[in-house]
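Below is one structure; the comments refer to it alone.
In the working numbering, the protein residues as written are 1 to 394.
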């Protein structure tokens with residue numbers, strides 16, 4: 001019933017209370033000066049008094065045990081940090097950040113010294129730096145693109161960060177760019193959950209951006225700028241299990257680990273294999289992707305689900321320091337552009353919310369794509385369209 005540490009504490013408390021009760025019982029049976037035999041008989045404790053005295057140590061024992069169980073249930077397990085004793089090995093190149101953490105990264109495309117365009121790709125939920133974009137090598141060379149992808153904190157081979165937030169993710173991107181000396185400006189592409197770090201870039205480091213694309217971007221149902229009725233409507237379209245998972249992440253993040261690991265209620269449909277959250281187009285794309293060779297998938301959550309998946313959701317649905325509607329155009333002279341790409345068949349990210357955000361920020365170029373769902377960027381022509389719009393303004 002109780003964890004080991006709690007059990008020993010309960011046992012100690014129970015023994016002490018039992019001894020105290022026994023001593024009290026013996027003392028109560030000793031004759032007191034001035035009491036007659038009949039008086040002593042009348043002073044004997046009743047069964048109710050004995051029960052009342054017993055209930056106190058039992059209540060204490062149960063309370064301590066429950067508190068111990070709750071502590072163990074709410075406390076996430078320690079991460080298995082890459083490169084630490086007993087942890088997974090480090091197999092990818094990494095940079096060391098100013099706070100001592102490491103970020104693992106991957107470079108592809110043309111060499112950065114020769115590239116005309118440098119793009120940092122920010123992966124989404126449950127993926128990593130090893131995601132494969134279906135871009136023809138001919139186009140990469142024609143546009144002279146250098147790509148830099150990285151494992152976000154806690155994913156893959158990047159160190160976990162308990163204070164992970166929209167702001168910290170943006171500054172991780174900036175420091176990664178500086179450590180690898182890719183230049184004073186760069187493009188960012190954020191995919192799905194990887195879009196909230198891009199919102200962070202638009203807020204905290206807009207001066208470092210050449211352009212930004214948010215592809216099927218994460219939406220926050222508690223952004224102040226979103227009307228309450230629109231938030232309720234879009235949230236209600238999600239599976240009930242997802243609605244509650246996001247509510248817990250937003251209102252009670254300290255409870256989120258327990259919520260995601262308990263077995264009483266379904267927690268998150270994406271992790272439970274519920275394919276009803278995918279559109280027909282997404283299911284077809286998943287079939288194509290599954291047939292291709294995937295690299296590094298086994299490393300995504302190797303440091304623990306809590307440090308990768310759970311903290312990602314907690315950081316996204318935490319209270320932000322800013323509202324997207326408050327952002328200013330980072331390219332007032334049209335020297336760059338910001339894009340949102342949204343599949344109309346996307347059942348994971350409600351298109352109405354991203355459409356509303358784009359209407360509030362007219363400097364964002366909003367692209368609604370009919371007949372496509374959440375995985376639109378993994379279709380070759382769509383991926384190339386995202387790149388050309390970002391780099392060439394097409």
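All residues carry an ideal CB built from backbone N, CA and C; glycine is no exception.
In whole angstroms, give me the CA-to-CA distance for residue i and residue j.
i: residue 301; j: residue 126; result: 8 angstroms
i: residue 267; j: residue 303; result: 21 angstroms
i: residue 356; j: residue 83; result: 44 angstroms
i: residue 393; j: residue 381; result: 16 angstroms
i: residue 367; j: residue 387; result: 13 angstroms
i: residue 221; j: residue 314; result: 13 angstroms
i: residue 149; j: residue 177; result: 11 angstroms
i: residue 151; j: residue 103; result: 6 angstroms
i: residue 369; j: residue 348; result: 15 angstroms
i: residue 90; j: residue 374; result: 31 angstroms
i: residue 225; j: residue 352; result: 14 angstroms
i: residue 339; j: residue 379; result: 18 angstroms
i: residue 209; j: residue 95; result: 21 angstroms
i: residue 326; j: residue 87; result: 42 angstroms
i: residue 219; j: residue 134; result: 25 angstroms
i: residue 140; j: residue 146; result: 8 angstroms
i: residue 203; j: residue 261; result: 34 angstroms
i: residue 383; j: residue 390; result: 11 angstroms
i: residue 330; j: residue 206; result: 6 angstroms
i: residue 169; j: residue 358; result: 23 angstroms
i: residue 155; j: residue 312; result: 9 angstroms
i: residue 55; j: residue 79; result: 41 angstroms
i: residue 212; j: residue 259; result: 34 angstroms
Could you give the residue range of the alpha helix (DSSP H) that holds residue i?
i: residue 124; result: Counting along the chain, residue 124 falls outside any alpha helix (DSSP H), and DSSP gives it neither H nor E.
i: residue 166; result: 166 to 179
i: residue 454; result: This structure does not reach residue 454, given that the chain is present from 1 up to 394, and the question cannot be answered.
i: residue 379; result: Where residue 379 is concerned, there is no enclosing alpha helix (DSSP H), given that its DSSP letter is neither H nor E.
i: residue 236; result: 228 to 236
i: residue 256; result: 256 to 261
i: residue 143; result: 137 to 143
Does DSSP classify residue i as helix, strand or coil?
i: residue 307; result: helix
i: residue 207; result: helix
i: residue 298; result: helix
i: residue 80; result: coil
i: residue 27; result: Its pLDDT being 43, under 50, residue 27 is placed unreliably in this model, and the value from its coordinates should be taken loosely. In this structure, residue 27 counts as helix in the three-state DSSP scheme.
i: residue 22; result: Interpretation of residue 22 is limited by its pLDDT of 46, a score under 50 that renders its predicted location unreliable; the figure taken from the coordinates is listed afterwards. Here residue 22 sits in helix by DSSP.
i: residue 397; result: Any question about residue 397 goes unanswered here, given that the chain covers just 1 to 394.
i: residue 352; result: helix
i: residue 113; result: coil
i: residue 241; result: helix
i: residue 75; result: coil
i: residue 32; result: Low local confidence applies: a pLDDT of 48 at residue 32 is under 50, so the model's placement there is unreliable, with the coordinate-based value given in what follows. Three-state DSSP puts residue 32 in coil, outside helix and strand.
i: residue 391; result: helix
i: residue 182; result: coil
i: residue 118; result: strand
i: residue 246; result: helix
i: residue 325; result: helix
i: residue 146; result: strand
i: residue 318; result: coil
i: residue 214; result: strand
Could you check where the beta strand (DSSP E) with residue i kicks off and where it finishes?
i: residue 187; result: 186 to 191
i: residue 342; result: 338 to 343
i: residue 86; result: Per DSSP, residue 86 belongs to no beta strand (DSSP E) and is neither H nor E.
i: residue 109; result: 102 to 109
i: residue 367; result: 364 to 369
Here's the rule: buried if 16 or more other CB atoms are within 10 angstroms of the residue's CB, otherwise exposed. What is residue i?
i: residue 234; result: buried
i: residue 157; result: buried
i: residue 328; result: exposed
i: residue 264; result: exposed
i: residue 77; result: exposed
i: residue 288; result: exposed
i: residue 371; result: exposed
i: residue 240; result: exposed
i: residue 343; result: buried
i: residue 283; result: exposed
i: residue 251; result: exposed
i: residue 334; result: exposed
i: residue 395; result: Absent from the model: residue 395. The displayed extent of the chain is 1 to 394, so no value can be given.
i: residue 276; result: exposed
i: residue 99; result: exposed
i: residue 129; result: buried
i: residue 281; result: buried
i: residue 30; result: With a pLDDT of 44 at residue 30, under the threshold of 50, the predicted position of this residue should be treated as unreliable, and no value is reported.
i: residue 164; result: buried
i: residue 307; result: buried
Our contact map puts residue i next to residue j with C-beta atoms below 8 angstroms; I'd like the distance itself, whole angstroms only.
i: residue 346; j: residue 272; result: At roughly 19 angstroms, the Cβ-Cβ gap does not stay under 8 angstroms, so residue 346 and residue 272 are not in contact.
i: residue 117; j: residue 143; result: 6 angstroms
i: residue 215; j: residue 189; result: 6 angstroms
i: residue 237; j: residue 350; result: 6 angstroms
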